[in-house]
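Protein chains in written order, with the numbering used here: chain H, 1470 to 1964; chain A, 1470 to 1964; chain E, 1470 to 1964.
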């Protein structure tokens, strides 16, 4: 009998312990948010439940501010009093600064906006927002949309096919197509074009019509004129750091074959270790301890995260501007080249007047790209991450190979471009558009896909099967010979 | 000392608790199944162990029938008494209705059949079997095998290459090749062709020879004339609902690039969330609660599963006929078109007499496809799933883009088909087979791979990198220009 | 109060229990290793932490030797006394036999070498090292590097593109390129070329310069002349059997499309089960019990691991020579053929004097390949694994289809090769190099990628969508017709 009571009391003790750790003093939800939840709980259970798994629903800004040192997850110090002591719920974000939000509308007694923007998030996460505004990714839309060279490239890829038996052409794509092709990742422009009344389970209600919605592109232009979408990586409504640190997030846009980061990672030694051990790693801890929280890098480790050793010494500082660790831009353009110094690349212009960072022969332009000193600074920041697990000779030799691959792949593209130039000279293709004929598309394939693949494999995996056979070296060498063959055929035919 | 005893007794108490929860009253295994296990335990340990992880080995039909409401996993009410109170073991399935099974054979004193079919499963899961029989997937074999257009397409893909220096041709593939190419997924026909005596560890034994075995294709034609294979998704011998709900199951057949569902999913926002959080989700619960059991859809959530909100309100009803939520058929055919109204598509015929759901210009045929009202009904069923996590404007705009992509991709295919028609007209390719020449294969590639990729990316991911560069828009626009280039070369050469 | 004390003492008891299981009597770390750790703990926290997760850091060779029977993980009996009773730490491996290591250098008072080789590992794992030395993988570098046919193939894939407007050619690649393309997997040769003084946080230090470093290729030639790198699969510094048993490890080199093992596996039924259930399997147990530790094979299960049934009966013996279970070589060469009998394939020569295992018409050469008896022995070893979960008719029929696919795919390649021969004969391509022209690259693509894909899908998945559309049958049939089309064009142009 005594045993029974002892056991009973012991279980009771455990329960109390649990209560005191997890159960009591849950931070308060604001009244406004409670109102939101009262309906949306039922209407959008998925969103609400997701939010309930978030730190936003379990912490107040005040609590987060009290954390000291590297573990702090919040970077603003001047958070309005009325928001400090409630959790970060629906209303806290969706009713913030209604005047700057063109999509703000009257809804159930509040001024609500659909699109929460980096400016909203900056209230608590100012530093991250400022860093991101300097990240080339925040200009992903502008850099694509306002560059005539790229506008032409787009048109010839996702444009509407014109049916004409003598010639197949490409008209500029309509907005629906644009929003789900290039601008899905690069970001749409969100424009409020009017209002619409819709029947709902609560009766008829008015909602804004937002052109370009939905979208979470990294360079989205928001109704409040800010750029970007934090939810591109921190998916609504969990806004999880753990999720953003896993490579699946980056995969959404960096899958390829034009930018095959995820594929190369997943075939690399680092990827092997990640997939084998992911379940024993801690993706939520801040700061993130090398060797204890993880034993091989994910995308975030190398490009973004705050990492420390087990003594708490900083290995790399967090930055939402990936540029701080990138010496070279190895994809998307005809040649690899030193990283642009400003996030707005529409100002870059080569001697032929094209908005490109290099000449057609591969020579980097003089203004607008980082110089060798800056390249070295960035390389050192990146190498600090490598050196937490690799000796110096390992790291240096890896870098030497990457440097060689940049040179060699640029050389191959130069040969292809010279072939292309000879074809243009002979009048067998028209230079009016650089991208709209069969042979021009073969040439584009070489630099937009094959050379990129080779460089990604080199940079992220030290090479391997993927860089050789998965649309890398084998395909590049094949296509360059096919260009030659094509030229031969058409020269003969035009005689 | 007292402490020791207290602890000892406490541990004993825990053990008893465990016993009472998990240990006692295990439902009985039938004597017949015990006989099977006595040998197969040793001969096929993998199968037996797998079965021991299954619900079939832990529950009797009676127990499953007693579950009420949405949690019920069994849909037949008239299960024979002798099967109600034993677990579902080897004998319960493999000795059922021996007379209807042509592969039934005398084995260790029982009439046993190798191939368990949907008719067998229907004994307990009648509703699911009936739904599946209306699913176009159950006709996957017939629709491919009895359609002359597709027979020709097959021949030119997996046919035996005829060696002839002047011309390379394709003879119909042999049965071994057929069984592991198209019919691996579409299903073989299982035919008992005789018996064979084989030495076994138990002495010589006779077994039926089953042509077409092994196969778990979704449209398999079974020895009892039923269609399909439940084990295509509910893998033997665990028959797990959790496994079927994960996207890896669908991936076996929907990987691509002709039907790139898994690839697109894995690069989508939904896929990102799935991979990041899969280990914290509950894949076994019935019904399946949005937000609690999972926070992003898998294939099953959108296409098949019974889902509820946390109040138990039904969001979508379970159906093993995926057609109930599908408005369009976006792959496999030359053009996207309204979904066929009947699972048997061999009756569809266009004005040229071809067994196709559209004319060669893309116009859907008049009979046999669902009408706009039915399309809307199905769209609403699907959108109910979306709306558990997304607002109406999000969902409507997504759909508008998909609709646009169906139109635009069909238009692109039409342009390619017009090029192809012009080539046929000029006699530069022969229309006798639509698929067996180099240029016809380029044209097939456009609709069978590229246009599909674009539509899948649109439907399942809202677009993104994958639809543009992974054999989508870039490849389509390249190939259509290559068709033009080819035509030019051959016109000049034939002058 | 009594409750409090009871609880306190109970928790204390639990703590003691934990201590006695995990905390006390940790095996000693050698003094030498302690010295290493005193600095590298801080300099390379990632490496050190990884090692601390390893069995090497928790066990002494003596402890491992005491394990009896199939659970034993160590195969040498004559381990030096001084190493028997300490854990396997930095110094134990990196200071072993300094005289045989050309990369040995004086470092902090020790003779240390950077590259730990199979010879070092053999001290404890002799049997595994001996088996691996017979594995064709240990000759991966030599077989590629000393075969003139393959040297030419390499040159035309990763060679430096020569810029010349009239002709595009390929110069042999430089060493940096070689190290990150073919030789990343096949292995570099590690050569000590000198010394270099580097500033470190401990002051200036001298290190050897090792050409070819870093590399973990399976056929790496080490400074002590041994071949291979155990860390190719057992990644430093955890050296985990669990990691090596997961398919991600094999994926690093077998991803494709030239050797698409991982891709085919991941789209197979086995892969489906693996991904769905991986978290509930035990990847660390030795021996590995079918049905209990795992319910579907990974790469290791079929090709390498010691597996038993639940009674401890051996299903397959462990071997680090994969050849023991391989009847056919289905990739990398022009035709599938019986596996080479010796790991060194540079001696194989066909009647045309080329270092190939077959004639150009597909006929296997007479010497150097295993005979039908040996093929059968190996097939039986492999089938024993299949039969743990599949009936004999299943297994036999699977094999019959694979056999058919080997025949059919060889036949298709023969047709392509006859086309190619006719092209060579007509002088439309030059046979000086078999691989450097556009049409030769199309022919190479057929056997190096398409036919391989078909055979892998057959062997590992029983076929399926992947073998048909993912660069398999559809691509093969397309490319063979494109060869024919090319021939027609160039014949007409050369008239």
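All C-beta atoms in this analysis are idealised placements derived from N, C-alpha and C, irrespective of residue type, glycine included.
All figures in this text were calculated on a predicted structure; none of them were measured in a lab.
Close Cβ partners of residue i (< 8 Å) along its chain, the five nearest in sequence each way excluded
i	result
residue 1412 of chain E	Outside the modelled stretch of chain E, which goes from 1470 to 1964, sits residue 1412 of chain E, for which no answer is possible.
residue 1508 of chain A	1577, 1671
residue 1934 of chain E	1736
residue 1890 of chain E	1829
Residues near residue i by beta carbon distance below 7 Å, same chain, minus five either side
i	result
residue 1918 of chain A	1726, 1727, 1940
residue 1491 of chain H	Because the pLDDT of residue 1491 of chain H is 49, which lies under 50, any placement of that residue in the model is unreliable, and the number read from its coordinates should be weighed accordingly. Same-chain partners within the cutoff: there are none.
residue 1914 of chain H	1948
residue 1719 of chain E	1730, 1731, 1768
residue 1877 of chain E	none
residue 1493 of chain H	A caution first: residue 1493 of chain H carries a pLDDT of 49, below 50, which makes its placement in the model too unreliable to give a value.
Per DSSP, the bridge partner or partners of residue i
i	result
residue 1666 of chain E	E/1675
residue 1575 of chain H	H/1580
residue 1690 of chain A	A/1658, A/1696
residue 1797 of chain H	H/1807
residue 1557 of chain E	Per DSSP, none; premise fails for residue 1557 of chain E.
residue 1639 of chain H	H/1630
residue 1680 of chain A	A/1660
residue 1785 of chain E	E/1776
residue 1569 of chain E	In DSSP, residue 1569 of chain E forms no bridge with anything.
residue 1833 of chain A	A/1827
residue 1433 of chain E	Examination of residue 1433 of chain E is not possible in this model, given that chain E is present from 1470 through 1964 alone.
Cutoff 6 Å; reference residue i; Cβ partners in own chain excluding five residues on either side
i	result
residue 1823 of chain H	1618
residue 1955 of chain E	1908
residue 1545 of chain H	1593, 1595
residue 1711 of chain A	1752, 1753
residue 1755 of chain H	1540, 1542
Counted within 10 angstroms of its Cβ, other Cβ atoms place residue i as buried (16 or more) or exposed
i	result
residue 1677 of chain E	buried
residue 1500 of chain A	exposed
residue 1684 of chain H	buried
residue 1640 of chain E	exposed
residue 1667 of chain A	exposed
residue 1549 of chain H	exposed
residue 1795 of chain A	buried
residue 1854 of chain H	buried
residue 1875 of chain H	buried
residue 1583 of chain A	buried
residue 1658 of chain H	buried
Cβ pair residue i, residue j closer than 8 Å
i	j	result
residue 1688 of chain E	residue 1587 of chain E	no
residue 1625 of chain E	residue 1904 of chain E	yes
residue 1799 of chain A	residue 1942 of chain A	no
residue 1963 of chain E	residue 1682 of chain A	no
residue 1815 of chain A	residue 1612 of chain A	yes
residue 1945 of chain H	residue 1881 of chain H	yes
residue 1562 of chain E	residue 1585 of chain E	yes
Contiguous alpha helix (DSSP H) assignments of at least 4 residues, all confined to the segment 1714–1768 of chain H: 1716–1720, 1730–1735, 1738–1746
Quick check for students: name the residue ranges of the beta strand (DSSP E) that lie wholly in the segment 1923–1958 of chain H, counting only runs of 3 or more. none
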